[in-house]
Every structure is written in structure tokens, then in C-alpha cells.
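A short worksheet on the structure shown next.
Spelled out as C-alpha cells, the structure:
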């Protein structure tokens, strides 16, 4: 008889995410064990509890989900988790702090329904944030030419530098979007734009969209009005406006949720998976093909 | 296949109530997710995790239990929970901080076994506390004429004012019980007395009881000696003494526990229930009639 | 239908042990309810939640596991838990803070496979620590003559005094192991040595072992190199070296894990068990005989 499936939440927030807990349960987990306010120094003891309690053949039934609202902290926690493993003594682990991986994956998958990403010129606005960086990374990994936009050009350059290290043959260009004029310029000749900015800030105006004649797909990941793309709607799901297909945060949310569940289920298929941006995206790819 | 039943404890204490956890499990919940030390400002994120993770048809399988030893804090948490809902995006929620709703409901139901509440003159001692206020409210809602007693007459008057706003046609009268004489006077001509005072304080002496010739039912909700009603016993369950039927805290406790379980089960029958004092009492009513 | 099995973790650490959580689940528990950072003053409320939520016939399906890395704190928590019980109102409880009881039991059981403990002269090194004390206590209870060694002779004497009070007819002798010479002297004529020292401190050198001509079994409970017994290996399981059978921490760990699970299962066979060192050892005895 196989062991019960245990999902351990390692979460940096004061309360471990209820969102992640419910999705974990709905992914078929038997027992959820949440840990909140987890600091990097406390990870080893938790991971040892996961690694040293079941035989190698049963370790696939224990998995770790790294969450919390701070993505940078989540990345450090994931690193701390991974560094505890040795040889066959390991469990599968997934990072989705603040939903960044599943959201970025869902956005890029939405674009891939309408565009050949390997032949696409793409613009990611607010690309230095955690979701934006991941979206740019996934796009670059698919062969797109990616304009990495930020209000701060040095920050955009730093992200491009990192993407070049992370992705083979990444075609990335930093660009400043610190004024309506510079943003409009960045939008010229792109087929895809993904707006990954903070809640309540309009990054693109309806006027800019109208002038972007090559644009085919516009994805806005902000759920709180005013939205990142003026004239769009959070519910948009391939909604056409002036020849541009729009996706809103909730329109992308259904795909995000399916990816989240499928990724948790995948954790329990082996004991050595590490699901970060690319792996979560791959889970989404398989869902689209199924 | 229906989704697993998830009960989320939102509890203001440092450790979420184990009492509520066990009763939740024994009510048939599949997964219990406890949150402790919850502050009002943290509620929204938790409730969004409950609301946005399942489709409308499945939201009845997620429910929230607001607990903790502080009833006033529990009331604020319930308000914060309810304010997150909109349209069909909601889950059912129950308030039973410090067991106040189930205890008050059980006490009034015990009285209703022996008295026609609509024709009863009732006295609630320590009626300004959370259980006392709820007992007075339920009695007034049943049509009883309720004497609302407190050591502080202004506090009793404030509670009466609030009850008049909460209950249609409430017949409530404030009275001071700041001395043996004033308490004895308040007891004259009542058929029912409920003592809802703090642990270890005798509110009624055996002498007072003997002189209360109209009294038929005396309910004491204090479980720690000395009890609120002198000469009574925590185990009393319709125990007759000098023509008065007595109920003690444990005698009422069996009914309280049944109401608690039935109320949790009821949460999972719809996604839009808010179970506060009246609704919990109604659950108890249905149990007595079944 | 019997109630779901609920295991309540009462743990003094900031995060309740994941190790104990997984082992609890793998012992067949239906619901695990972890409490972290538990202080003695908070125990009563938790235990009342365990005691007062199910009828006497069902209380065997609720049990408490006292854990945490601090064994002395665990002992105080166990005492606080036990002091809440009265009459039939109780649940079974097990202490295994820092794995001390299951580790000591597994070590003594390993020795008992090869030696008649009632006719054994034994040495426990670092016997004033929580595991060492428990190993000495179990050995004395089996009739062994036990040399209780510590770098501090007064501490060793204090432990011997306590063992004499805890174990009938305990044959215990304090001895100082504050130098290679004194340790070598303590090792003369013993058939069994158990090293229960802190991580990374070598208590016995290979030279000392070679000179200990009566020695038959050497058990080292330290898992982090350098080990407590020079020349040994954490994986040793009755591994012979120069006529001495060696056990390392991981070699003992398999037995420890079986005892841990069997002890948790035993909790749910009655509602009045208190499993501390002797009772956990007895669980191990029964496993060996089965």
C-alpha cells in the first residue's frame, strides 16, 4: 500500500497561504502540513523531517511547496531546501511564491495559443518584478525576441544580463519605459505585450494600443483597477478589440489554476523534481497538448 | 465527484482552539486548516484564498469557523470575513468565539423544553457579557419579556438599547443587580433565570431562590465552583430542587455540543450561510424537533 | 462507526516537528493537529480541548504527542498534560522530545540482541544528557550494572541518585570521563558501551577500544562526524570490528523509527496510556518478540 501523499507548505508569510492550501488539497493531497513565517535558517530541520522519515521508494509521496507573498524570499527558501538533499535522499519541491511561476506560465501559454513565439517580437512591461522576469525568461526560452522594459534602464539591463546567463541564446533587449513616449516607442513592431506591473498603475493607454499596428496579443496581469492596459478588462479571454486579442488577470487565472494543480500532482510522480519557472511552464505546455 | 470539505479556523488566540478543531473533524470535515493569532487586517487574504480557489458550484465545500476566546474580536473577524464576499463569490461562515453562540443557544433551548418562552418573564444575570447578551437576544426573539441585569445599570441600559435595535418588538428591561437586595428584587415574578457570569462568582444564593416563588427553571452556565447559582451542580440536567428545574454548565453542554456539530455540518449545505446567534439557535431548534 | 484518529502535536519549538508529523501520519493517524511554541501555561486549554470533545468511549481516538528539540521542556509539558486528567476524562500521551525516548529504547534493544543485559556491565558515556540518562535508566531497569559517566563527577552522581529513585534495585555507579585515562579506566571490564554525546565530539578513540578486552557491543548515537566512537560508522548495524559489534546512529535509526510508529499506534488502543522511556522501550520489546 502506498504512503499517504503529504504536501508540506514552506511559506514565509505570517499565515501560510490558504490559496495554496486549498489548491494543494484539490490536487489530491492526503495531508497538508503548513509552516508559516519560515526563515532560511529553519529550512534544514524541516527538510530533514521530510527526507528522513520514509524509505527511498516512498519519498515520492512527500513533497514541498514553497510559497509566500515575497518571491525573492521564496527563491532563497527553494535554494535552502535544495541544498539539503543528497543522493537519493530528496523529495520533490515546487516554487510558486505569490503565484509568480504559475502566473507567468499561464500568460506565456495564452500568448502561444495565437503566436509562434519563436518568431515573435515581445515586450514585457514592468519586467524587473518577479512575474515580469519570469515571463521574459519563458518567452526568451521559447525563442522570442524580448524587450525587457522598466522605468529604470539600469534595472532592465541587469535583468537582461541575468536572462542571458539563465537562457541559452537569449535574445533580450533592455528598454526604458519611463514616459508615455518611451513606452510607445518600445511598443513599436511588437506582436505581444505582457503588462506585469503593480496593482493600480496604467502602463499602456488606449491611445498607445491604437498606434501599435503590429500588436496581436495584449496580456494584463493586474487584477485591481485601474488595470495595466487601459480599456482592457480583468475577465478578458482572447477578447478582440481593434484587432488585438486581450487577456485579463482573471482570463489568465483559469489556466494558472490548472497549471498549479497539475504541477502539484506532478510533484508526487517522483522524488527528485524541482519545479521552478521552466518546469512549471512545461507542465502547462503538456496540459495544452493533452 | 464533490470536493473535499475544508473547514478553515480563523482564530484570534495564539493557538487555534483544539476544541473547535476536534468538533470540526467530528462533524465530518475532510481537512481542517487552522489559522491562529488572526488579526482583522489579515482576514482578506485568507478569505480570498477560500473564495477564489474553487468554482461557484464547489464553494459550499469550503467553510470558515471564526473562534478564539475573545467574543468581541470574533465579532470583528466575522464582519471582516463577510465584507470580502460579493455576488456568488462567498463561502459559509460561523461565529462561535468562546462557544458563546452554541452555549447561549443551548441554554435557551433547555428553557424552552419547560416553558412557553413567548409567555415567560425571564431574568438574565451578567447579561452584558457575550453569552448573557446572546441569551437575552434569543429570549427576546422568542417573545419573552427579558430583564437584562448587570452590576452596572448604564451597561444594562446600553444592552437593552442594542437588543431593541437587533430584535423586532423586543420586550427588554434593564435592571441593576449590584446587591443581594436588588438581585432578589429582579428575581421576583420571573419563571426563568439564566446566570451567565464569570467563573467563580455566586450570583444567586439558595435563600434568594427559595424566595422566588414564580421561578420554574434556573440555568447556570458557569462550570467552575463556586457556581453562579448557589446549591446547584454543574451536572444538573432538569434536576428539580424545591420545585425549580436546574441546569448546570455540563448539563447544558451535551446540547451545546450537538448544536455545534450540526451547525458545522450545516455550513457545508450552501455557500452563503452566516451562522451567528439566531442562526445557531435555529439549528438547535431543528435538532430538538427532529 | 469509530471516530477519526486525531494526533495532537504539542511541541515547544517554533515549528512543530515535521519528522514527528510524517511518522504520525505513517502510523495511521487520520488527522494531525500541530501546535508549536507551546508553553506549559498553555497546555491546559489544549488538553481540555482534547478531553471534553468526545465521549469516554471515543477518547481513545484522540492522543497527544509531546515533542520539540528540548527534552527538559518536553518533560515539563508532559507533566502539565498529565495533570489535567481526572477519572476517565483523559487521553493517551507520548513523550518523544528530540527523539530521546525512541532513540534510547532502540539503543538498548540493539544491545539486548547480543547480550544478557541482566548479566552485563555497561558504560554510558555522556550519561547526563537526555538520551544518555534514558539509556542508563533502561539498562538499569533490565538489571544491568551501569557505569554512569560524565566529564563532571558531581553531575554523574546526581544522575545516579535520580536513577536509584526511579528504578528498583538500580545498580549504578558514577564515574568521571574527563580525560583519555579516566575514560579508558571506565571502559575496563564492560561488555557494552553506549556513547550518547553531543554531535562532533569523539568520546572513545580506536586505541581505547582495542584495549577494552571485555567489550562486545559498542553503540554510538551521534550521526554527525567526527563520531563519538572513533573508527565507527553511522551506518554500522552489528558490524564487527576486532571482535566488537558496532552500531551507528543510522544503524539504530531503523529500529528507532519502528518503535516510534508502533508507539503512536499503541496510543490509539486506550485512552489512559502515558508512554515515557520505559513504556516506549516496552513497545520496542514487543516488536522484537513479534
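Chains as they are written, first to last, in the working numbering: chain B, 351 to 640; chain F, 351 to 640; chain C, 351 to 640. Heads up, the beta-carbon is just placed ideally off N, CA and C, and yes, glycines get one too.
- Annotation: residue 562 of chain F is outside any alpha helix (DSSP H) and is labelled neither H nor E by DSSP.
- Among the residues of chain F, those whose CB is under 7 Å from the CB of residue 356 of chain C are 372 and 375, following chain order.
- The beta carbons of residue 411 of chain B and residue 354 of chain B sit about 7 Å from each other, so the pair counts as a contact at 8 Å.
- Residue 585 of chain C carries a coil assignment under DSSP once its states are collapsed to helix, strand and coil.
- If the five residues before and after residue 491 of chain C are omitted, its C-beta is found closer than 7 Å to the C-beta atoms of 517 and 628, all from its own chain and listed in chain order.
- Each residue's CA atom was taken as its position, placing residue 379 of chain C and residue 357 of chain C some 6 Å apart.
- By the rule that beta-carbons nearer than 8 Å mark a contact, residue 382 of chain B touches chain F.
- Take residue 606 of chain F, set aside five residues on each side of it, and the residues of its chain with a beta-carbon closer than 6 Å to its own are 452, 453 and 456, in chain order.
- For residue 368 of chain C, the chain B residues whose Cβ falls inside 7 Å of its Cβ are 358, 383, 396, 399 and 400, in order along the chain.
- In the three-state reduction of the DSSP assignment, residue 378 of chain B falls in the coil class, being assigned neither a helical nor a strand state.
- Around the CB of residue 618 of chain C, 16 or more other CB atoms lie within 10 Å, so the residue is classed as buried.
- Put simply, the backbone Cα of residue 565 of chain F is about 14 Å away from that of residue 466 of chain F.
- From the beta-carbon of residue 404 of chain C, the residues of chain F found nearer than 8 Å are 372 and 376.
- For residue 510 of chain C, the three-state secondary structure derived from DSSP is helix.
- Classified as buried, residue 621 of chain C has 16 or more neighbouring CB atoms from the shown chains inside 10 Å of its CB.
- Inter-residue distance for residue 630 of chain B and residue 613 of chain B is about 6 Å (C-alpha atoms, whole angstroms).
- Annotation: Cβ neighbours of residue 353 of chain F in chain B (cutoff 7 Å, chain order): 376.
- Neighbours of residue 392 of chain B in chain C, taken as residues whose beta carbon is under 8 Å from its own, are 364 and 365 in chain order.
- Between the segment 425-435 of chain C and the segment 570-578 of chain C there are fewer than three C-beta pairs closer than 8 Å, too few to call the two in contact.
- DSSP, reduced to helix, strand and coil, places residue 434 of chain F within a helical segment of the structure shown.
- Shown here is that no member of the segment 446-463 of chain C has a Cβ falling below 9 Å from a Cβ of chain F.
- In the structure shown, residue 369 of chain B adopts helical secondary structure according to DSSP, grouped into three states.
- Between residue 423 of chain B and chain C, the shortest Cβ-Cβ separation is not below 8 Å.
- Contacts between residue 412 of chain F and chain B, judged by CB atoms closer than 7 Å, involve 372 in chain order.
- Membership of residue 444 of chain B in the beta strand (DSSP E) is indicated by the continuous run 442-445.
- Per the DSSP secondary-structure output, residue 637 of chain B pairs with nothing in a beta bridge.
- In the structure shown, the three-state DSSP call for residue 575 of chain F is coil.
- In chain order, 362 place their CB closer than 6 Å to the CB of residue 423 of chain F, counting only its own chain and leaving out the 5 sequence neighbours on each side.
- Between residue 497 of chain C and residue 523 of chain C, the gap from beta carbon to beta carbon is short of 8 Å.
- For residue 590 of chain F, the secondary structure class from DSSP, reduced to helix, strand or coil, is strand.
- For residue 417 of chain C, the uninterrupted beta strand (DSSP E) run begins and ends at 412-417, by DSSP.
- DSSP, reduced to helix, strand and coil, places residue 539 of chain F outside both helices and strands of the structure shown, so it counts as coil.
- Put simply, of F:417, F:370 and F:398 the residue whose alpha carbon is nearest the alpha carbon of residue 387 of chain F is F:417.
- Per DSSP, residue 521 of chain B is one residue of the beta strand (DSSP E) stretching across 521-526.
- In terms of Cβ geometry, residue 585 of chain C and residue 598 of chain C form a close pair [threshold 8 Å].
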